[in-house]
Amino acid sequence: MRTDRNASTTTTSTRAPSGMRFMLLVALPLMGLYVIVVQMHILGAVSFDSSAADDIINIPQVETSASSQPKAPPPSITETVTKCTSEQLDIIQKQLPPDECIKSKGQPWTQKCSFTYATKCPEAIWLDNHYKMKHNINRQTSNDQHEPFVGIFIGCNKGMDAVAAMRMGSSNPIFDKSVWKDAITKNGTIQLSHSVCNQDKTAQFEIQQEYDGSNANAMLHCVEAMPGTAAALKEAAHALTWDEKGFIVTHAAMSKSDGSVLFPSASGVGVENQGIGNCVKNPAACVNVTMHSLDTFVQKYVPGDATINYLSVDVEGFDMDVLVGGLNHALPRIEYLEFEYNWMGSWAKQHLRDLVDLLDDRGLTCYWPGYDGYIWRITGCWLDFYDIHMWSNVACVNRNMVNVKSMAEEMEDLFQKTLLKGEDVIMNSRMSPK
Numbered sequence: 001m002r003t004d005r006n007a008s009t010t011t012t013s014t015r016a017p018s019g020m021r022f023m024l025l026v027a028l029p030l031m032g033l034y035v036i037v038v039q040m041h042i043l044g045a046v047s048f049d050s051s052a053a054d055d056i057i058n059i060p061q062v063e064t065s066a067s068s069q070p071k072a073p074p075p076s077i078t079e080t081v082t083k084c085t086s087e088q089l090d091i092i093q094k095q096l097p098p099d100e101c102i103k104s105k106g107q108p109w110t111q112k113c114s115f116t117y118a119t120k121c122p123e124a125i126w127l128d129n130h131y132k133m134k135h136n137i138n139r140q141t142s143n144d145q146h147e148p149f150v151g152i153f154i155g156c157n158k159g160m161d162a163v164a165a166m167r168m169g170s171s172n173p174i175f176d177k178s179v180w181k182d183a184i185t186k187n188g189t190i191q192l193s194h195s196v197c198n199q200d201k202t203a204q205f206e207i208q209q210e211y212d213g214s215n216a217n218a219m220l221h222c223v224e225a226m227p228g229t230a231a232a233l234k235e236a237a238h239a240l241t242w243d244e245k246g247f248i249v250t251h252a253a254m255s256k257s258d259g260s261v262l263f264p265s266a267s268g269v270g271v272e273n274q275g276i277g278n279c280v281k282n283p284a285a286c287v288n289v290t291m292h293s294l295d296t297f298v299q300k301y302v303p304g305d306a307t308i309n310y311l312s313v314d315v316e317g318f319d320m321d322v323l324v325g326g327l328n329h330a331l332p333r334i335e336y337l338e339f340e341y342n343w344m345g346s347w348a349k350q351h352l353r354d355l356v357d358l359l360d361d362r363g364l365t366c367y368w369p370g371y372d373g374y375i376w377r378i379t380g381c382w383l384d385f386y387d388i389h390m391w392s393n394v395a396c397v398n399r400n401m402v403n404v405k406s407m408a409e410e411m412e413d414l415f416q417k418t419l420l421k422g423e424d425v426i427m428n429s430r431m432s433p434k
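According to the UniProt record's numbering, the sequence shown is numbered sequentially starting from 1.
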């Protein structure tokens with residue numbers, strides 16, 4: 001707002017495979033985290049629990065023709081995540097107790113659940129550390145040697161998180177949240193809707209102002225479906241000439257397919273709790289908005305086979321639809337992902353475990369991201385009460401991409417340190433580290 005332990009088992013779930021798989025162990029577990037394997041897929045590959053198939057969306061077939069495949073590292077060498085031990089699962093369940101989640105299951109809007117308390121406004125210190133390292137490297141090289149940065153924020157809302165990400169990815173101090181707030185509010189004359197996490201007031205990425213280490217190859221797509229908010233975002237970006245510097249605002253909706261969809265037409269700038277669902281009951285108050293699948297958007301707007309360094313999805317209950325729409329061309333290219341889990345929209349009939357398994361199949365390890373350095377791995381550490389739909393945030397890192405290897409290791413290390421805290425960390429309404 002988007003790794004683990006001492007176990008040595010290499011199986012990541014008990015779901016039935018969609019095709020035969022052969023694995024050859026070629027290295028012992030590294031720090032108890034991952035095992036290097038050689039893996040050969042005989043049949044193509046999205047795996048789901050068939051008993052839940054009726055409650056999920058239809059998963060499009062992954063394209064397999066050579067022309068449709070994005071360039072990527074050799075797929076035959078992957079890293080798998082070790083399963084949590086029973087002892088580790090016991091600790092997680094004590095730190096993220098299920099009691100309040102179960103009690104408030106019928107009233108999810110009350111947000112009384114341990115993994116909601118934990119992830120409501122996460123502090124992704126692993127992201128800051130990763131881009132601090134890249135910023136220091138950029139300081140020692142010329143601008144034309146800097147690696148490109150590509151960010152995509154779907155459900156861009158007020159744009160604060162997108163601006164913060166562009167600042168990190170570009171190492172360019174002109175991308176400043178206070179400057180952005182003045183522009184989008186027209187120096188305070190326009191009132192922004194309430195923000196749960198007050199992103200406009202939180203600290204932003206530090207850049208040494210005396211050094212021009214900005215990355216001219218940085219690009220961030222700020223995608224917003226709400227008409228009024230999208231117009232304000234575009235106007236602000238143009239007024240600051242950020243649209244000429246890679247900060248690109250697109251008025252569009254995103255889902256698992258292309259077409260158009262109704263969105264509320266008359267709402268304030270930056271409303272956070274309205275979307276497709278509001279138009280079911282009151283279509284007269286809505287307008288048609290162009291809709292893309294994530295794959296279509298990436299093919300149209302992201303050049304060549306460029307890595308997607310940062311993908312954020314926050315679409316009020318339709319996050320899984322968006323990610324499933326990116327199976328062919330987007331997901332294989334993602335380094336880091338954040339998305340919302342929810343009780344609204346399509347999430348109501350979908351299952352977080354199915355999405356976590358789908359992302360795991362593509363090398364993404366997912367966590368509950370907390371604050372003060374607390375973080376809990378979901379991949380390989382599933383607890384059944386996570387299937388209680390509550391608003392929360394999930395962060396995933398691609399363990400197979402070399403450029404974010406250190407980030408993946410830091411997230412796993414933080415998870416291990418969180419476990420060592422034991423019952424000193426309990427996320428509920430009575431006890432919290434913050």
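Yeah, the Cβ is synthetic: ideal placement off N, Cα and C, and Gly gets one too.
Sub-8 Å separation of residue i and residue j beta-carbons
i      : j      : result
Ala237 : Asn172 : no
Asp176 : Ser312 : no
Leu96  : Phe115 : yes
Tyr371 : Pro148 : no
Leu414 : Ile375 : yes
Ala165 : Leu220 : yes
Thr307 : Glu338 : no
His130 : Ser406 : yes
Met291 : Gly259 : yes
Tyr117 : Met427 : yes
Leu192 : Val269 : yes
Val289 : Pro227 : yes
Gly304 : Ile91  : no
Candidates the options: closest to residue i by CA position
i      : options                           : result
Cys113 : Ser392, Ile137, Gln416 and Ala408 : Ser392
Ala225 : Asp424, Ile190 and Val287         : Val287
Phe263 : Gln299, Gly304, Glu244 and Val315 : Val315
Thr229 : Ala285, Gly188, Gly155 and Val425 : Gly155
Pro369 : Pro98, Lys120 and Ile308          : Lys120
Gly159 : Cys101, Asn403, Lys181 and Gly326 : Lys181
Ile276 : Met254, Asp361, Gly106 and Thr80  : Met254
Met320 : Leu359, Pro98 and Met133          : Leu359
His135 : Ser170, His329 and Leu331         : Ser170
His194 : Ile426, Asn157 and Pro227         : Asn157
Ile152 : Gly422, Asp354, Asn403 and Tyr310 : Tyr310
Ile174 : Asn282, Glu244 and Val404         : Glu244
Rounded separation between residue i and residue j - CA only
i           : j      : result
Val280      : Gly345 : 11 Å
residue 437 : Gly188 : Here the chain comprises residues numbered 1 to 434, so residue 437 is not present and cannot be evaluated.
Met168      : Asn215 : 10 Å
Phe318      : Lys256 : 9 Å
Ile388      : Asn138 : 44 Å
Ser86       : Lys94  : 12 Å
Thr185      : Asp424 : 42 Å
residue 438 : Pro108 : Outside the shown range of the chain (1 to 434) lies residue 438, about which nothing can therefore be said.
Trp382      : Asp295 : 28 Å
Leu420      : Gln299 : 44 Å
Lys201      : His251 : 26 Å
Leu323      : Cys222 : 16 Å
Gln350      : Trp343 : 9 Å
Glu163      : Ala408 : The sequence given here places Val at residue 163; Glu does not occur at that position. So the two alpha carbons sit approximately 23 Å from each other.
Met133      : Ser429 : 36 Å
residue 435 : Val179 : Any property of residue 435 remains undetermined from this structure, which presents the chain solely from 1 to 434.
Glu206      : Gly106 : 43 Å
Ile190      : Gln416 : 45 Å
Asn198      : Asn403 : 31 Å
Asn328      : Val397 : 18 Å
Same chain only: Cβ atoms within 6 Å of residue i, ignoring 5 sequence neighbours per side
i      : result
Leu240 : Ala183
Phe247 : Met166, Leu220 and Ala237
Pro235 : Note on residue identity: the sequence assigns Glu, not Pro, to residue 235. Once the five neighbours on either side are set aside, Glu235 has no close Cβ partner at all.
Close Cβ partners of residue i (< 7 Å) along its chain, the five nearest in sequence each way excluded
i      : result
Val356 : Cys366, Ile378 and Thr379
Cys101 : Cys113, Ser114, Phe385, Ile388 and Met390
Val302 : Val150 and Ile308
Ala330 : Leu294, Asp295, Val298 and Ile308
Ala284 : none
Leu352 : Tyr341, Tyr386 and Asp387
Pro74  : Summary for Pro74: the model assigns pLDDT 34, below 50, so the residue's position carries little reliability; its value from the coordinates is reported in the next sentence. So the list is empty, once near-sequence residues are dropped.
Sequence-distant residues of the same chain with beta carbon closer than 8 Å to residue i, five excluded per side
i      : result
Ala124 : Arg2, Glu338, Pro369 and Ala395
Thr110 : Ser104
Trp347 : Gly317, Phe318, Asp319, Met320, Tyr341 and His389
Thr418 : Gln95, Gly370, Gly373, Tyr374, Ile375, Trp376 and Val425
Heavy atom of the ligand MG within 7 Å of residue i beta-carbon
i      : result
Val313 : Absence of the ligand MG is noted for the structure shown, with no ligands found whatsoever.
Could you pull out every unbroken alpha helix (DSSP H) segment of at least 4 residues lying fully inside the region 363 to 433, listed in chain order? Counting only runs of at least 4 residues, the region 363 to 433 fully encloses the following alpha helix (DSSP H) elements, listed from N- to C-terminal order: 405 to 420.
Runs of beta strand (DSSP E) lying entirely within the region 67 to 129, each at least 3 residues, in chain order: 77 to 81
Which parts of the region 200 to 238 are runs of the beta strand (DSSP E), unbroken and 3 residues or longer, counting only runs that do not cross its ends? 218 to 224
What residue ranges within the UniProt domain "Methyltransferase FkbM" (270 to 348) form continuous alpha helix (DSSP H) runs of no fewer than 4 residues, ordered along the chain? Those alpha helix (DSSP H) runs which fall completely within the UniProt domain "Methyltransferase FkbM" (270 to 348) and span 4+ residues are 278 to 281, 294 to 301 and 319 to 324.
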